[in-house]
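All the letters of the sequence shown, read from the start, carry residue numbers 1 to 157 under UniProt numbering. All C-beta atoms in this analysis are idealised placements derived from N, C-alpha and C, irrespective of residue type, glycine included. Since this is a predicted model, take the numbers as computed values, not measurements. Accompanying notes for the structure given below.
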Amino acid sequence: MLYRLYQPSDFEPLYAIEEICFQPPLRFPRSYMRSIIRNSDSATWIAEESEHASKHMAGFAHVEWAGPDHDRYAYIQTLEVSPEHRRRGVARELLTHLEQSALAAGAAAIWLHVDTENAPAIRLYQAHGYSQQSREEHYYARLRAAFIYSKPLVTSH
Ligand SMILES: CC(C)(COP(=O)(O)OP(=O)(O)OC[C@H]1O[C@@H](n2cnc3c(N)ncnc32)[C@H](O)[C@@H]1OP(=O)(O)O)[C@@H](O)C(=O)NCCC(=O)NCCS
1 MLYRLYQPSD FEPLYAIEEI CFQPPLRFPR SYMRSIIRNS DSATWIAEES EHASKHMAGF
61 AHVEWAGPDH DRYAYIQTLE VSPEHRRRGV ARELLTHLEQ SALAAGAAAI WLHVDTENAP
121 AIRLYQAHGY SQQSREEHYY ARLRAAFIYS KPLVTSH
């Protein structure tokens with residue numbers, strides 16, 4: 001599996017994964033997905049499998065950052081792996097790349113929302129050192145509750 005940054009030609013396969021992973025009203029509209037990817041204070045990572053000289057997108061993830069130099073934080077907008085590539089460590093690897101991008105951008109912490117009923121994602125974040133901070137009712141499409149998880153980012157010097 002190759003992990004690399006997004007290129008404009010990735011949009012259609014990326015959005016195809018969004019369509020598999022999320023049904024309306026929880027799915028990001030195309031225009032919203034394009035706008036978050038275009039944000040210059042963000043990084044979109046792609047997981048790509050090569051098979052017999054053809055390439056296939058297995059998953060993607062997006063992180064953005066905000067705030068002044070001394071108080072910058074990062075936020076994970078989404079992390080998605082297509083069903084046939086799950087349980088092989090792809091999300092774990094994408095998450096590591098998101099955190100590295102956030103650290104490189106100067107973020108001291110990273111946070112996210114996760115559906116309170118999304119047990120696989122909650123397990124992933126917990127296993128990766130994220131801790132639950134709070135809960136927001138009616139967060140997803142004003143219907144479903146979310147947990148907020150966060151993690152401090154530390155530099156290794
Ligand atoms: C959540 C999701 C991203 C996980 O992707 P993945 O590539 O299968 O995850 P990984 O193989 O990297 O798993 C890493 C860890 O996460 C946890 N995990 C992942 N899937 C799990 C599942 N179905 N059940 C329980 N734990 C799970 C485990 O702790 C796992 O470690 P292990 O395999 O050593 O037990 C994937 O299921 C997905 O794309 N779901 C739909 C989109 C979504 O809900 N995204 C989250 C948005 S907040």
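Proximity test, residue i beta-carbon vs ligand 1 heavy atom, cut-off 6 Å
{"i": "Glu-80", "result": "yes"}
{"i": "Gly-129", "result": "no"}
{"i": "Ala-91", "result": "yes"}
{"i": "Pro-8", "result": "no"}
{"i": "Ala-121", "result": "yes"}
{"i": "Leu-124", "result": "yes"}
{"i": "Val-114", "result": "yes"}
{"i": "Arg-72", "result": "no"}
{"i": "Arg-144", "result": "no"}
{"i": "Arg-135", "result": "no"}
{"i": "Asn-39", "result": "no"}
Beta strand (DSSP E) segment containing residue i, residue limits
{"i": "Thr-96", "result": "Careful: Thr-96 lies outside any beta strand (DSSP E), inside the alpha helix (DSSP H) at 90-104."}
{"i": "Met-33", "result": "Unbroken run through Met-33 is the alpha helix (DSSP H), 30-38; no beta strand (DSSP E)."}
{"i": "Leu-143", "result": "Run containing Leu-143: none; DSSP gives neither H nor E here."}
{"i": "Ala-74", "result": "73-81"}
Proximity to residue i [Cα-Cα], best of the options
{"i": "Lys-55", "options": "Ser-9, Pro-152, His-70 and Gln-126", "result": "Ser-9"}
{"i": "Ser-150", "options": "Arg-142, Glu-117, Ala-102 and Glu-137", "result": "Ala-102"}
{"i": "Val-90", "options": "Pro-29, Asp-71 and Leu-124", "result": "Leu-124"}
{"i": "Ile-46", "options": "His-62, Arg-144, Pro-25 and Glu-99", "result": "His-62"}
{"i": "Asp-41", "options": "Tyr-32, Ser-35 and Glu-64", "result": "Glu-64"}
{"i": "Met-1", "options": "Met-33, Arg-34, Glu-48 and Ala-43", "result": "Glu-48"}
{"i": "Arg-92", "options": "Gln-77, Ala-105, Gln-126 and Gly-67", "result": "Gln-126"}
{"i": "Ser-35", "options": "Pro-25, Glu-51, Phe-11 and Ser-50", "result": "Phe-11"}
{"i": "Ala-104", "options": "Asn-39, Ala-43 and Pro-13", "result": "Ala-43"}
{"i": "Glu-117", "options": "Ala-145, Tyr-15 and Phe-60", "result": "Ala-145"}
{"i": "Leu-153", "options": "Ala-74, Gly-59, Tyr-3 and Phe-22", "result": "Ala-74"}
{"i": "Asn-39", "options": "Tyr-15, Ala-119 and Ala-66", "result": "Ala-66"}
{"i": "Met-33", "options": "Met-57, Leu-14 and Ala-121", "result": "Leu-14"}
{"i": "Tyr-3", "options": "Leu-143, Gly-59 and Ile-76", "result": "Gly-59"}
N-terminal and C-terminal residue of the alpha helix (DSSP H) that residue i is part of
{"i": "Leu-15", "result": "A small fix is needed here, since residue 15 is Tyr in this sequence, not Leu. Run containing Tyr-15: 11-21, per the alpha helix (DSSP H) assignment."}
{"i": "Tyr-125", "result": "119-127"}
Spell out a yes or no on whether the region 79-87 and the region 129-147 are touching, meaning 3 or more CB-CB pairs, one atom from each, closer than 8 Å.
Contact fails: fewer than three Cβ-Cβ distances are below 8 Å.
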